[in-house]
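In the numbering used here, the protein residues as written are 222 to 435.
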């Protein structure tokens, strides 16, 4: 039951159904999910550990803020990890790994073109497969936590169609280099990670409101 509540609340936070800074009241959540306060409290603790919820004095649990400062922290961490992992994974890929990645890239290209709600799931799967051969269970947990935080920003960036086309092109290059087992994929991954951050900083410059909700 706790896992189910965590998953539902996580998706709601990603999608912006809880605004940044919004109080997450136990009674309201109990009614919404039809459960007692115990799984709600456990779910909030899990989401706090993931960085999606904050516990504030006098206010209790709130949806974590979305700001350019948080964006910079998240993408800085991702840039430290993902290019190195992709470079390490590429030469280790088996024929089976490449076949699985090829299928994942095909699905990602399809949902990117159609605007399907499956985009975020397929996006996570594609990027994981480019790094899986170089990762450890500990690194996977760290990556997935960072991806969860990143998804709130990714959803913001998709509001600007002009920013999407370059990302799609980079997905193709990442796929091709990974499939060729070329460690040079790291350079494209690094550029790809700059894309969302740079686009959001551009759209929400100092003289515009900073994004505080998704």
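For each residue, glycine too, the CB sits at the ideal point set by N, CA and C.
What do you get for residue i, buried or exposed, if any count of 16 or more other CB atoms within 10 angstroms of its CB means buried?
i: residue 258; result: exposed
i: residue 352; result: buried
i: residue 395; result: buried
i: residue 342; result: exposed
i: residue 348; result: buried
i: residue 290; result: exposed
i: residue 322; result: buried
i: residue 303; result: buried
i: residue 277; result: exposed
i: residue 359; result: exposed
i: residue 241; result: buried
i: residue 293; result: exposed
i: residue 432; result: Any reading at residue 432 must be qualified, since the residue scores a pLDDT of 49, below 50, and its modelled position is unreliable; no value is offered.
Figure out for me which residue from the options has the closest Cα to the Cα of residue i.
i: residue 420; options: 376, 321, 229, 249; result: 376
i: residue 402; options: 308, 339, 235, 416; result: 308
i: residue 223; options: 390, 263, 344, 252; result: 263
i: residue 310; options: 274, 324, 399; result: 399
i: residue 250; options: 235, 237, 242, 227; result: 227
i: residue 389; options: 334, 241, 293; result: 334
i: residue 387; options: 244, 355, 330; result: 330
i: residue 287; options: 261, 275, 322; result: 275
i: residue 397; options: 354, 339, 319; result: 319
i: residue 266; options: 255, 282, 253, 393; result: 282
i: residue 280; options: 350, 293, 252, 246; result: 246
i: residue 284; options: 358, 243, 354, 235; result: 243
i: residue 235; options: 338, 252, 248; result: 338
According to DSSP, residue i sits in a beta bridge with which residue or residues?
i: residue 291; result: Answer is none; residue 291 lacks a bridge partner.
i: residue 277; result: 281
i: residue 244; result: 283
Grab me the residues of residue i's own chain with a C-beta within less than 8 Å of its C-beta, minus the 5 sequence neighbours each way, in chain order.
i: residue 412; result: 391
i: residue 233; result: 239
i: residue 256; result: 222, 226
If you drop the 5 nearest sequence neighbours on each side, which residues of the same chain put their C-beta closer than 7 Å to that of residue i?
i: residue 230; result: 264, 268
i: residue 345; result: 368
i: residue 414; result: 296, 299, 300, 303
i: residue 404; result: 308, 311, 312
i: residue 422; result: 289
i: residue 260; result: 222, 223, 226
Give me, in chain order, the residues of the same chain whose beta-carbon lies closer than 6 Å to that of residue i; leave out the 5 immediate sequence neighbours on both sides.
i: residue 356; result: 306
i: residue 340; result: 332
i: residue 254; result: 226
i: residue 363; result: none
Inset, instruction - Evaluate contact between the region 269-279 and the region 314-321, counting only Cβ atoms and requiring at least three cross-stretch pairs below 8 Å. - result: no
Legend entry - At least three beta-carbon pairs within less than 8 Å, the region 351-369 to the region 290-303: yes
Inset, instruction - Would you check if the region 403-418 and the region 326-333 touch, i.e. whether three or more CB-CB distances between them fall below 8 Å? - result: no
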